[in-house]
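> Residue numbers (the numbering used here): 4 to 353.
Encoded as structure tokens, here's the structure I'll be asking about.
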């Protein structure tokens with residue numbers, strides 16, 4: 004059914020897409036395997052690229068022939084160059100993207116490369132012969148032969164989603180977790196660990212009072228990520244800034260006993276520079292407010308991303324607390340924030 008590929012990439016998030024095009028552009032035959040072709044290059048959390056340190060990485064990827072900068076430039080709804088008050092080495096590009104356009108552009112660029120094939124199914128394990136990886140095995144038992152396998156599984160390896168005292172398997176909201184790969188790699192002698200990250204609620208922009216928030220427009224003369232001559236939108240959308248307050252914090256604290264962050268159910272290591280709102284309240288108890296960035300998800304949607312309000316507290320606690328945020332008094336929530344635990348492997352084991 005399948006000929007032998009030079010490279011098999013498992014997972015079609017940002018890393019998987021870049022791995023696929025890097026191999027294909029070097030002349031390799033590539034199989035890109037994903038559990039869902041409709042979520043290729045899905046922006047799982049914040050619909051943005053870049054920022055401090057991350058923006059430099061996107062430009063480095065572009066310089067090496069990657070596509071993330073091109074896709075971001077062509078699908079952005081806002082561009083800002085951060086840290087402009089510092090020296091040029093600290094300037095950090097950041098772009099807010101249209102979530103749907105971003106994924107669609109990435110898929111179009113992948114499909115335009117004849118060296119890349121696609122397969123939609125969960126990869127359950129590796130084919131190993133005489134101590135050498137020679138392909139992958141899918142949930143249907145299909146073996147796809149390959150000389151090299153690249154795993155870019157993101158948050159999907161035995162992913163476990165937490166919302167208050169509820170928990171269920173998943174690699175992302177509405178998508179199942181990936182099983183089998185971790186167990187096999189551990190049997191082969193690799194050591195795995197658990198990491199944790201989270202995402203904030205998504206809300207209905209029509210229910211917000213924008214007059215009570217500070218407008219944050221894009222740069223007047225926006226730059227770009229890519230060094231190529233990409234076509235960029237000629238207009239931008241504004242983000243907005245608001246703040247939590249002591250009343251918000253007190254409501255959030257009522258859910259701490261049911262928080263998986265505080266009752267021991269989450270054991271994974273969290274990101275250092277992206278703490279949840281409950282973690283910020285707990286660690287910085289002397290602060291009476293925290294900044295929130297209210298960000299659009301795209302040109303043609305009312306869905307809003309509440310940056311800075313990542314949470315795994317019970318959904319009703321998240322909702323009641325948000326209603327005390329200036330501009331959110333009549334907020335309608337599309338879905339609550341959640342935390343997700345997942346397996347990872349130290350890259351030093353490569």
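Note that CB positions come from ideal geometry on N, CA and C, so glycine has one too.
In this text, all values refer to a predicted model and were calculated from it rather than measured experimentally.
#1: Between 209, 68 and 104, which has its C-alpha nearest residue 41's C-alpha?
#2: So, with DSSP's three-state summary, where would you put residue 207?
#3: Is residue 345 helix, strand or coil by DSSP?
#4: Whose C-alpha, out of 267, 181, 8 and 301, is nearest the C-alpha of residue 27?
#5: What distance in whole Å lies between the Cβ atoms of residue 61 and residue 85, which are believed to be in contact at a cut-off of 8 Å?
#6: How about residue 280 and residue 313: are their beta carbons less than 8 Å apart?
#7: Could you say if the segment 182-196 and the segment 290-300 meet the contact criterion of at least three C-beta pairs nearer than 8 Å?
#8: Locate the alpha helix (DSSP H) running through residue 73, then write down its first and last residues.
#9: Go through its chain and collect everything with a Cβ distance to residue 46's Cβ below 8 Å, but skip five positions before and after it.
#10: When the Cβ atoms of the segment 226-241 are set against those of the segment 261-276, are three or more pairs found closer than 8 Å?
#11: By how many angstroms is the C-alpha of residue 158 removed from the C-alpha of residue 16?
#12: Pull up the DSSP beta-bridge partners for residue 120, would you.
#13: Grab me the residues of residue 323's own chain with a C-beta within less than 7 Å of its C-beta, minus the 5 sequence neighbours each way, in chain order.
#14: Are the Cβ atoms of residue 206 and residue 335 separated by less than 8 Å?
#15: Please give me, in chain order, every unbroken run of the beta strand (DSSP E) with length at least 3 that falls completely inside the segment 220-255.
#16: In the DSSP assignment, what are the bridge partners of residue 51?
#17: Give a yes or no on whether the C-beta atoms belonging to residue 13 and residue 153 are separated by under 8 Å.
#18: Identify which residue in 110, 87, 91 and 83 has its Cα closest to the Cα of residue 97.
#19: Hey, how far is the Cα of residue 341 from the Cα of residue 274?
#20: Would you give the residue range spanned by the beta strand (DSSP E) that residue 298 belongs to?
#21: Ordered along the chain, which non-local residues of its own chain (more than five positions away) have a Cβ less than 8 Å from that of residue 315?
#22: Since residue 215 and residue 330 should fall inside the 8 Å C-beta cutoff, what is the C-beta to C-beta distance between them, to a whole number of angstroms?
#23: Which first and last residues belong to the alpha helix (DSSP H) in which residue 28 is found?
#24: So, are the CB atoms of residue 78 and residue 108 less than 8 Å apart?
#25: Could you say which of 172, 156, 209 and 204 lies nearest to residue 184 if we only look at CA atoms?
#26: With residue 161 and residue 176 assumed to form a contact (beta carbons below 8 Å), what rounded beta-carbon distance in angstroms separates them?
#27: Quick one: what's got a C-beta closer than 6 Å to residue 208's C-beta in the same chain, skipping five residues either side?
#28: Residues in the same chain with beta-carbon distance under 8 Å from residue 22, minus the five sequence neighbours each way, listed in chain order, please.
#29: Take residue 31 and list the residues in its own chain whose beta-carbon comes closer than 6 Å to its own, dropping the five residues that flank it on each side.
Quick look at the numbers:
#1: 104
#2: Strand, per DSSP.
#3: strand
#4: 8
#5: The Cβ separation is near 13 Å, so there is no contact.
#6: yes
#7: Per the Cβ contact rule, the segment 182-196 is not in contact with the segment 290-300 (fewer than 3 Cβ pairs under 8 Å).
#8: 71-78
#9: 100, 102, 105 and 106
#10: no
#11: 10 Å
#12: 34
#13: 254
#14: Yes; because the gap between Cβ atoms is below 8 Å, this pair is in contact.
#15: Restricted to the segment 220-255, the beta strand (DSSP E) segments that are unbroken, complete and at least 3 residues in length are 242-246, listed in chain order.
#16: DSSP, once it has assigned bridges, lists 99 as partnering residue 51.
#17: Contact: yes.
#18: 83
#19: Here the C-alpha atom of residue 341 lies approximately 14 Å from the C-alpha atom of residue 274.
#20: 294-299
#21: 165, 166, 167, 201, 262, 263, 264, 269, 279, 281, 340, 341 and 342
#22: With 8 Å as the limit, residue 215 and residue 330 qualify as a contact, their Cβ atoms being about 4 Å apart.
#23: 17-28
#24: yes
#25: 156
#26: Not really, about 16 Å apart at Cβ, beyond 8 Å.
#27: In chain order, 305 and 307 place their CB closer than 6 Å to the CB of residue 208, counting only its own chain and leaving out the 5 sequence neighbours on each side.
#28: Result list for residue 22: 10, 12, 153 and 155, in chain order.
#29: 9 and 10
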